[in-house]
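Residue numbers (the numbering used here): 34 to 336.
Structure below.
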C-alpha cells in the first residue's frame with residue numbers, strides 16, 4: 034500500500050482542482066451553444082412527437098387522441114400520393130444532382146485556364162436565397178413569355194406548360210433543385226479530386242490505362258467516402274423538398290404534392306390540425322432515420 038506524503042496529496046488536489054476548473058470553463062463557453070441547440074433542436078423534436086398524439090389547432094385546448102392522427106394519415110389517399118411523389122422526386126434528383134456535380138468536378142479539375150471563374154460560376158446558385166432561385170425559374174417556366182417558351186417559339190418548336198403539365202411538372206422541379214444545389218456537391222468532389230495523389234494516375238498511364246479505366250479504377254475508388262456521404266445527405270435533403278413545389282405548383286397539384294407540402298396543408302390550409310401535421314413529420318423522421326441506419330450499416334467499412 035502506497036503511503037501519500039502531505040506534499041504529494043496537496044499536489045494531486047491542486048491538479049484535480051485545475052482539471053475541474055478547466056472543465057467548468059469549457060462547459061461555460063459551450064453553455065450558450067448547448068442552450069441554443071436544446072432550444073431550437075431538441076425541444077422542437079420532443080414537442081413535435083408529443084403533438085403527433087394530440088389534436089391541436091392552437092385555438093381550442095389540445096387533447097390527447099393517441100394513434101388517431103396516424104390512422105387518419107393512412108386513410109388519406111393523398112398521403113400515399115405524397116410519398117410516391119417524394120420518392121419519385123428523390124430518385125430523379127439523385128440521377129441529376131448526384132452524377133452531374135461529379136462530372137462537373139472532374140471537368141473543373143482538368144481546367145488550366147479560368148478555373149477560378151468557372152468554380153465561382155458553379156457555386157453562385159448556392160449563395161442565392163432559395164426563394165430567389167425559385168422565382169427566377171418561375172420566370173423561366175412562365176407559359177406565356179417565359180424564357181424557355183420564348184426560345185422554343187423562336188426555334189419554331191412546340192411550347193410546353195412546364196410546371197402546369199403532369200408530364201413535365203416533376204422534372205421541372207428537379208431541374209430547379211439540381212441547379213440550386215449542385216455547387217456545394219461539386220466543390221466537395223473537386224476538393225476530394227485534388228487530394229488524389231498524382232502518382233496513381235501516372236502509374237495508370239504507364240500501364241496503358243485509358244481515360245475511362247483511370248476514372249473507374251483510380252478516381253471513383255478514391256472518392257468512395259465522399260460519394261457515400263453525399264448520397265446520404267442528398268437523399269435526406271431531397272426527401273424534405275418543399276420550396277420548389279410550394280412556389281412553382283402550389284399545394285393542390287396532386288402531381289407534385291410532396292410529404293412536406295402535405296404537412297403544410299394539414300397545418301395551415303385544409304385541416305388546420307397541427308397534430309396531424311406533426312404525425313406526418315414524425316413518420317418522415319422515422320423513415321429517414323431507418324434509411325440512414327440501414328445505409329450506414331450496409332456501407333460500413335469492415336475493420
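No residue lacks a Cβ here, since even glycine has one placed at the ideal position from N, Cα and C.
- Message: I'd like to know if the stretch 191-202 and the stretch 231-242 are in contact, where contact means that at least 3 CB-CB pairs between them fall below 8 angstroms.
- Response: Because the criterion of three Cβ pairs below 8 angstroms is not met, the stretch 191-202 and the stretch 231-242 do not touch.
- Does the Cβ of residue 46 have 16 or more other Cβ atoms within 10 Å, making it buried, or fewer, making it exposed? Indexing the chain shown from 1 puts residue 46 at position 13. The residue is exposed, with fewer than 16 neighbouring Cβ atoms inside 10 Å.
- Message: Can you tell me whether residue 260 is buried or exposed? The criterion is at least 16 other CB atoms within 10 Å of its CB, across all chains shown.
- Response: As a working mapping, residue 260 is identified with position 227 in the chain shown. That one is buried.
- Task: Run through the stretch 98-132 for me and flag every whole alpha helix (DSSP H) of 4 or more residues, listed as ranges in chain order.
- Result: List check, alpha helix (DSSP H) in window: 101-108.
- Can the beta-carbon of residue 293 be found closer than 8 angstroms to that of residue 262? For this step, residue 293 is matched to residue 260 along the chain shown. For this step, residue 262 is matched to residue 229 along the chain shown. Going by C-beta atoms, residue 293 is not nearer than 8 angstroms to residue 262.
- Take the Cβ of residue 170 as the centre, count every other Cβ of all protein chains shown within 10 Å, and call the residue buried at 16 or more, exposed below. Here residue 170 corresponds to residue number 137 of the chain shown, with the count starting at 1. By the 10 Å Cβ count, residue 170 comes out buried.
- Item | Beta-carbon proximity list for residue 320, same chain, < 6 angstroms, skipping 5 on both sides | If you number the chain shown from 1, residue 320 lands on position 287. Excluding sequence neighbours, residue 320 sits near nothing in its chain.
- Give the straight-line distance between the Cα atoms of residue 212 and residue 124, rounded to the nearest whole angstrom. Here the question's residue 212 lines up with position 179 in the chain shown. Here the question's residue 124 lines up with position 91 in the chain shown. C-alpha separation (whole angstroms): 16 angstroms.
- Beta-carbon contacts of residue 83 that lie in its chain and below 6 angstroms, excluding the five residues immediately before and after: Indexing the chain shown from 1 puts residue 83 at position 50. Close CB contacts of residue 83 within its chain, under the 6 angstroms cut and outside five residues either way in sequence, are absent.
- Query: Quick one: is residue 144 buried, meaning 16 or more other Cβ sit within 10 Å of its Cβ, or exposed?
  - Reply: Counted from its first residue, the chain shown places residue 144 at position 111. The residue is exposed, with fewer than 16 neighbouring Cβ atoms inside 10 Å.
- Message: Rounded to the nearest angstrom, what separates residue 241 and residue 278 at their Cα positions?
- Response: Position 208 of the chain shown, counting from 1, holds the residue named residue 241. Position 245 of the chain shown, counting from 1, holds the residue named residue 278. The alpha-carbon atoms of residue 241 and residue 278 are separated by roughly 49 angstroms.
- Query: Which two residues bound the contiguous alpha helix (DSSP H) that contains residue 151?
  - Reply: Position 118 of the chain shown holds residue 151. Note, residue 151: alpha helix (DSSP H), 148-160.
- When DSSP builds the beta bridges, which residues end up paired with residue 88? Residue mapping note: residue 88 aligns to position 55 of the chain shown, counting from 1. Answer is 96.
- Task: Check whether the Cβ atoms of residue 243 and residue 229 lie closer than 8 angstroms to each other.
- Result: On the chain shown, position 210 is the one that residue 243 refers to. On the chain shown, position 196 is the one that residue 229 refers to. Residue 229 sits away from residue 243, with the two beta carbons spaced by 8 angstroms or more.
- Compute the Euclidean distance between the alpha carbons of residue 128 and residue 226, then round it to the nearest angstrom. To locate residue 128, count along the chain shown from 1; it is residue 95. To locate residue 226, count along the chain shown from 1; it is residue 193. The alpha-carbon atoms of residue 128 and residue 226 are separated by roughly 21 angstroms.
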